[in-house]
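K.L.:
Protein chains in written order, with this note's numbering: chain V, 1 to 273; chain B, 1001 to 1294.
1. Can you pull the chain D neighbours of residue 20 (chain V), defined as C-beta to C-beta under 9 angstroms?
2. For residue 1216 (chain B), which residues of its own chain have a beta-carbon under 8 angstroms away from its beta-carbon, when the five flanking residues on both sides are left out?
3. Go ahead and pull the three-state DSSP assignment for residue 1273 (chain B).
4. Who are residue 1050 (chain B)'s beta bridge partners in DSSP?
5. I'd like to know if the region 78-87 of chain V and the region 1014-1029 of chain B are in contact, where contact means that at least 3 CB-CB pairs between them fall below 8 angstroms.
6. Hey, residue 1113 (chain B) and residue 252 (chain V) are a contact pair by Cβ (cut 8 angstroms); roughly how many whole angstroms apart?
7. Have a look at residue 210 (chain V) and residue 120 (chain V) and give me their C-alpha separation to the nearest angstrom.
8. Could you work out which residues of chain V lie near residue 1034 (chain B), taking near to mean beta carbons separated by less than 9 angstroms?
9. Using CA coordinates, which residue listed in V:215, V:239, V:256 and V:195 is at the minimum distance from residue 265 (chain V)?
10. Does any C-beta atom of chain V lie closer than 9 angstroms to the C-beta of residue 1011 (chain B)?
11. Report the option in B:1013, B:1270 and B:1226 whose CA atom is closest to the CA atom of residue 98 (chain V).
12. At a Cβ cut of 9 angstroms, what residues of the region 1135-1164 of chain B count as close to chain V, listed as they run along the chain?
13. Do residue 68 (chain V) and residue 248 (chain V) have their beta-carbon atoms positioned less than 9 angstroms apart in this structure?
14. With distances taken from CA atoms, which of B:1089, B:1253, B:1011 and B:1055 is nearest residue 977 (chain B)?
15. Is there at least one Cβ from chain B nearer than 9 angstroms to residue 74 (chain V)'s Cβ?
16. Please classify residue 1088 (chain B): does DSSP put it in a helix, a strand, or coil?
17. So, is the C-beta of residue 1066 (chain B) closer than 9 angstroms to a C-beta in chain V?
18. With DSSP run on the structure shown, which of helix, strand or coil describes residue 215 (chain V)?
19. Exposed or buried, what is residue 219 (chain V) when buried is set at 16 or more other beta-carbons lying within 10 Å of its beta-carbon?
20. Taking just the CA atoms, how far does residue 1135 (chain B) sit from residue 1128 (chain B)?
21. Looking only at its own chain, which residues have a Cβ that is under 6 angstroms from the Cβ of residue 89 (chain V), when we skip the five neighbours before and after it?
22. Would a check of beta-carbon distances place residue 3 (chain V) closer than 9 angstroms to chain B?
23. Between which two residues does the alpha helix (DSSP H) containing residue 116 (chain V) stretch?
24. Report back the beta-carbon spacing between residue 230 (chain V) and residue 63 (chain V) to the nearest angstrom; my notes put them in contact at under 8 angstroms.
25. List the endpoints of the continuous alpha helix (DSSP H) containing residue 190 (chain V).
26. So which residues on chain B does residue 42 (chain V) lean against when the C-beta distance must stay under 7 angstroms?
27. Keeping to the same chain, check which residues put their C-beta closer than 7 angstroms to that of residue 54 (chain V); ignore five residues upstream and five downstream.
28. Please list, in chain order, the chain B residues whose beta carbon lies closer than 7 angstroms to that of residue 258 (chain V).
29. Whole angstroms are fine: how far does the CA of residue 93 (chain V) sit from the CA of residue 170 (chain V)?
30. Any residues in the region 1069-1087 of chain B with a beta carbon nearer than 7 angstroms to a beta carbon of chain V? Which ones, in chain order?
31. Using DSSP with H/G/I as helix, E/B as strand and the rest coil, what is residue 1245 (chain B)?
32. Drop a sphere of 10 angstroms on the beta-carbon of residue 117 (chain V), count the other beta-carbons inside from all chains shown, and report buried for 16 or more, exposed for fewer.
33. Pull out every residue of the region 1035-1065 of chain B whose Cβ sits closer than 7 angstroms to any Cβ of chain V, in chain order.
34. With a threshold of 9 angstroms between beta-carbons, can residue 200 (chain V) be considered close to chain B, or not?
35. Would you mind stating whether residue 205 (chain V) and residue 71 (chain V) have Cβ atoms separated by less than 9 angstroms?
36. Which parts of the region 59-116 of chain V are runs of the alpha helix (DSSP H), unbroken and 4 residues or longer, counting only runs that do not cross its ends?
What follows is the structure, given as structure tokens:
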């Protein structure tokens, strides 16, 4: 590439990058200003005062002190269960030949692409009948079940690449299948686990629609539906809304900063083989 | 048949028992049950009453259904063009050894980890007609006449919402293409260069064909994501004003959970599912072909 072409390319990319960051920078600046200042002088005016007050307000009065912990109470068990169960299923699909093997695999893969709407009403009704409507458990159950599809898909494909010989020798030594799964397969599948777990954490943590359908009491809401409530409470107080939104992203930002490699690996594992 | 063999045959089923039962109860079963519900009249409290195809007849005469359908189509078309072109362009640019390419990648990628709710709230603020950044900027540079009620003008509200989705999607497409570029055979690219192909020719005739498998995945993901679109609409406009930003997913939610017309909502869900099914089947066929090959 010629030096001019290179310079042009670099400039275009820098401009695009800055454009892409504008919403995030605007959100940060907004959160540090006071609402009166913004309403009086407009967003583009030089801030009169820098304050963290709106964060405090979103945290205590806005309810984020409750919504954020709720998100973890829902996300972590769902993440653990879906990884555990899908690794069992994936092991069977990757290692054994049996009737219905392909059908099950296609059900799992196809399920990952379903529009949620086709499940909303029946799952709503099912949760009600099981007495888990408006409980953490109801939300954990649907997340665990729905995410089984993607996790099984990725883990199964990864397990297919593990050399069979490793397991055959253990089998000849009389090792139980469950032991082979636990002490040979799982350690070898760690990279795929890291990738899927990172991705699934963000997906479940960021879920909005299931929380909207299955949780009614505000004291049990995760941060996504919680923010929607907060928006209703502070209609014109953008500093509080935006501060709340920023606080809600801290967990996923931490995951992004420290586990970006796995996150990206997960996305690419899920899209190609 | 001896005991050992029976055990060996049962083993995979034992491993699959719990995940499959959970999957059938919460995913496959509900999917089928929605079809039944779409044939009923149900308010969510009393028992569903069978009404045959009445919901569908009503749906096909409902103008909001067509508005939603057209909006979903627009979403699909935008998603299949702008993020793919931009994402591929950025991936091509950052695939070279540009200083700080890691930082650039992270910037495009960051919106992906934000929840759609957060994206929707932040952008609603940017779009705020009186105090938001966009109109404020237009005033500051003397383009007052370009100011709009970005989320209140029925003519542009859909585009305003889709823009947010694009902002989030570009990084995703970029990541997929960056991964795809790793497997592009550099020898072929070099050979084309020796043969006198310029960089545009090399891109269209050598690199792009090799990226075809990634492009198929990106297109399928873009379509599926467009059909699923719900969170942004729900947070930013609830489908308004006057249903002008309604999409099928939001239309279904409003009918079923706000208006308690659950049978009708199920009918909308069934239509949405049938549209998605075309692309799901296409994708599964592709997976099946890879299965038999490898």
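All C-beta atoms in this analysis are idealised placements derived from N, C-alpha and C, irrespective of residue type, glycine included. Given the structure is predicted, the values throughout are model-derived calculations rather than measurements.
P.N.:
This is what the structure gives:
1. Structure shown: chain D not included; protein chains present are V and B.
2. Closer than 8 angstroms at the Cβ level, and outside the excluded window around residue 1216 (chain B), lie 1286.
3. Note: residue 1273 (chain B) maps to helix in three-state DSSP.
4. Residue 1050 (chain B) has B:1040 as its beta-bridge partners, per DSSP.
5. At 8 angstroms Cβ cutoff, the stretches touch.
6. The Cβ separation is near 5 angstroms, so the contact holds.
7. Each residue's alpha carbon lies about 8 angstroms from the other.
8. Counting only Cβ-Cβ distances below 9 angstroms, residue 1034 (chain B) has contacts in chain V at 117, 118, 119, 120, 121 and 122, in chain order.
9. Of all alpha-carbon atoms in V:215, V:239, V:256 and V:195, the one lying nearest the alpha-carbon of residue 265 (chain V) is that of V:195.
10. Residue-level contact by beta carbon holds for residue 1011 (chain B) and chain V, with a gap shorter than 9 angstroms.
11. Of B:1013, B:1270 and B:1226, the smallest CA-CA separation from residue 98 (chain V) is found for B:1013.
12. Listed by position, the residues of the region 1135-1164 of chain B near chain V (Cβ gap below 9 angstroms) are 1136, 1137, 1139, 1140 and 1164.
13. Going by beta carbons, residue 248 (chain V) and residue 68 (chain V) fall inside the 9 angstroms limit.
14. Nothing about residue 977 (chain B) can be read from this structure; chain B reaches only from 1001 to 1294.
15. At a cut-off of 9 angstroms between beta carbons, residue 74 (chain V) makes no contact with chain B.
16. DSSP places residue 1088 (chain B) in helix when its eight states are reduced to three.
17. With 9 angstroms as the cut-off, residue 1066 (chain B) does not count as an interface residue toward chain V.
18. In the structure shown, residue 215 (chain V) adopts coil according to DSSP, grouped into three states.
19. So residue 219 (chain V) ends up on the exposed side.
20. In this structure, the straight-line span from the alpha carbon of residue 1128 (chain B) to that of residue 1135 (chain B) is close to 8 angstroms.
21. The residues are 152.
22. Under the 9 angstroms criterion on CB atoms, residue 3 (chain V) is classed as non-interfacial with respect to chain B.
23. Segment: none, residue 116 (chain V) is in no alpha helix (DSSP H) and carries neither H nor E.
24. Going by Cβ atoms, the distance from residue 230 (chain V) to residue 63 (chain V) rounds to 7 angstroms, so yes, they are a contact pair.
25. Counting along the chain, the alpha helix (DSSP H) containing residue 190 (chain V) begins and ends at 190-205.
26. Listed along the chain, the chain B residues whose CB falls inside 7 angstroms of the CB of residue 42 (chain V) are 1131 and 1136.
27. Same-chain partners within the cutoff: 31, 239, 240 and 243.
28. Those do not exist, as residue 258 (chain V) stays about 12 angstroms from chain B at its closest Cβ, beyond 7 angstroms.
29. Between the alpha carbons of residue 170 (chain V) and residue 93 (chain V) lies a distance of about 19 angstroms.
30. Considering only beta carbons, no part of the region 1069-1087 of chain B lies closer than 7 angstroms to chain V.
31. Note: residue 1245 (chain B) maps to coil in three-state DSSP.
32. Label assigned to residue 117 (chain V): buried.
33. Listed by position along the chain: 1037.
34. Answer no: the Cβ-Cβ gap between residue 200 (chain V) and chain B never drops below 9 angstroms.
35. Going by C-beta atoms, residue 205 (chain V) is nearer than 9 angstroms to residue 71 (chain V).
36. Within the region 59-116 of chain V, the complete alpha helix (DSSP H) runs of at least 4 residues are 64-95 and 101-111.
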